[in-house]
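Trainee: Residue 2 is where the sequence shown starts when you use my numbering, and the numbers rise one by one after that. Don't be surprised by glycine CBs; every beta carbon is placed ideally from N, CA and C. What follows is a structure written as structure tokens; I'll ask about it next.
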Amino acid sequence: MTRYLLDTNHLSPLVSVGHPLRQRILAQRRRGDDFALPVPALTELLYGIHLTLRAVQNLAEWQRLQHSLGLYPINQLEAELAAELQTSLRRRGWQLATVDALIAAVALRHDLTLLTTDGDFAAVPGLVCENWLR
Numbered sequence: 002m003t004r005y006l007l008d009t010n011h012l013s014p015l016v017s018v019g020h021p022l023r024q025r026i027l028a029q030r031r032r033g034d035d036f037a038l039p040v041p042a043l044t045e046l047l048y049g050i051h052l053t054l055r056a057v058q059n060l061a062e063w064q065r066l067q068h069s070l071g072l073y074p075i076n077q078l079e080a081e082l083a084a085e086l087q088t089s090l091r092r093r094g095w096q097l098a099t100v101d102a103l104i105a106a107v108a109l110r111h112d113l114t115l116l117t118t119d120g121d122f123a124a125v126p127g128l129v130c131e132n133w134l135r
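Laid out in structure tokens, this is it:
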């Protein structure tokens, strides 16, 4: 069993019933893999949904799906780790946004594989990333 953390770019397609990524994630769940999201990605997802023309439909679909996914809150440990990551990367010439640093901290702290298209995560030491949208 693999435990995955969804970045926003892998989370948002889940509200589209026919999207191939949704089908793949649901199939992997049936095989025993675990999928969760960090609170910052949930915030970005809901904000994005509210901006779409299909907001009502997408919110309804999210309501149906959300119970099948885990949710990782941000606490002091993740906040401290995120700040350390940002500082360390900045000293090496990399810029990592605070939301991305928080997501990376959750993945690292809980030993999760991050599903993302965001190349900024490649600079985070020890972070395992996969892109299922290629």
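#1: Please name the residue in A28, L128 and Q67 whose C-alpha comes closest to that of L47.
#2: Please determine, among G19, A102 and L43, the residue with the shortest C-alpha to C-alpha distance to Y73.
#3: P14 lies in the beta strand (DSSP E); which residues open and close that run?
#4: By the 10 Å Cβ neighbour count, where 16 or more other Cβ atoms means buried, how is Q87 classified, buried or exposed?
#5: Mind checking which residues open and close the alpha helix (DSSP H) that includes L103?
#6: Which value, in whole angstroms, describes the spacing of the CA atoms of H20 and L60?
Mentor: Per the coordinate set shown:
#1: Q67
#2: L43
#3: Looking at the DSSP string, P14 is not in any beta strand (DSSP E), and its letter there is neither H nor E.
#4: buried
#5: In the DSSP assignment, L103 falls within the unbroken alpha helix (DSSP H) covering T99 to R110.
#6: 16 Å
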